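Presented below is the structure to which this report refers.
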Amino acid sequence: MGHSAGLRAGTRYAFSRDFRKKGAIPLTVYMRQYRVGDYVDIKCNAAVQKGMPHKVYHGKTGVVYNVTKSAVGVIVKKKVGNRYLEKRVNLRIEHVQPSRSRDDFLRRVKSNAEAKKQARANGTTVEVKRQPVKPRAAHTVSLEGNVPETVTPIPYETTI
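For the sequence shown, my numbering assigns the number 1017 to the initial residue and increments by one for each residue that follows.
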């Protein structure tokens, strides 16, 4: 038997709805406002076949470049061979959701600006770069009331 190579081949699990998220699509999906420049995640909703992206874009993050009544245009980077091409995909809003990939970055920008402002007022310098987590501090373990026990494996027995 040959293998089908249709548009939705191999999407049995990728396009399936999440556990306890089946049924009617919530109204928040339709009430959400997208603006040009917003980061969105492409996540296909198999209940709506119109305006569905190709399976290669499922799970990708892109930037909104066009907004219409019921759809958005998204710029996505697609790997082709050894390079990334900028693809423009038009999708209905059921197949996109706001991305949280920049939340941490934007939060750090605000906190760094606040820290710099405070340092400027105090006349000090502040380190705003992220630092790797340092090793834990050294400590001693007391044996009082904490008797060490030897752990040995239980021999394997075949009982029939």
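No residue lacks a Cβ here, since even glycine has one placed at the ideal position from N, Cα and C. Just so we're clear, the structure is a prediction, and the values are computed from it rather than from any experiment.
Local conformation of residue i per DSSP, three classes
{"i": "Arg1048", "result": "coil"}
{"i": "Val1083", "result": "strand"}
{"i": "Lys1126", "result": "helix"}
{"i": "Asn1138", "result": "helix"}
{"i": "Asp1034", "result": "coil"}
{"i": "Lys1145", "result": "coil"}
{"i": "Ala1131", "result": "helix"}
{"i": "Lys1071", "result": "helix"}
Own chain residues within Cβ distance below 6 Å of residue i, not counting five before or after
{"i": "Gly1067", "result": "Ala1087, Leu1107 and Arg1108"}
{"i": "Ser1115", "result": "Tyr1055, Val1056, Asp1057 and Thr1077"}
{"i": "Phe1031", "result": "Cys1060 and Ala1062"}
{"i": "Arg1124", "result": "none"}
Strand pairing of residue i, partner residues [DSSP]
{"i": "Glu1102", "result": "Lys1093"}
{"i": "Asp1057", "result": "Thr1077 and Gln1113"}
{"i": "Leu1107", "result": "Val1088"}
Residue i beta carbon near the ligand FAD (any heavy atom closer than 7 Å)
{"i": "Met1068", "result": "With respect to the ligand FAD, the structure offers nothing, as it holds no ligand at all."}
Residue i burial status per 10 Å Cβ neighbour count (16 or more: buried)
{"i": "His1111", "result": "buried"}
{"i": "Val1080", "result": "buried"}
{"i": "Pro1151", "result": "exposed"}
{"i": "Pro1069", "result": "buried"}
{"i": "Arg1167", "result": "According to the sequence as given, residue 1167 is Val; it is not Arg. So Val1167 ends up on the exposed side."}
{"i": "Val1092", "result": "buried"}
Contact check, residue i vs residue j, beta carbons under 8 Å
{"i": "Tyr1050", "j": "Val1083", "result": "yes"}
{"i": "Arg1028", "j": "Ala1062", "result": "no"}
{"i": "Val1072", "j": "Val1090", "result": "no"}
{"i": "Val1149", "j": "Ala1131", "result": "no"}
{"i": "Lys1095", "j": "Lys1103", "result": "no"}
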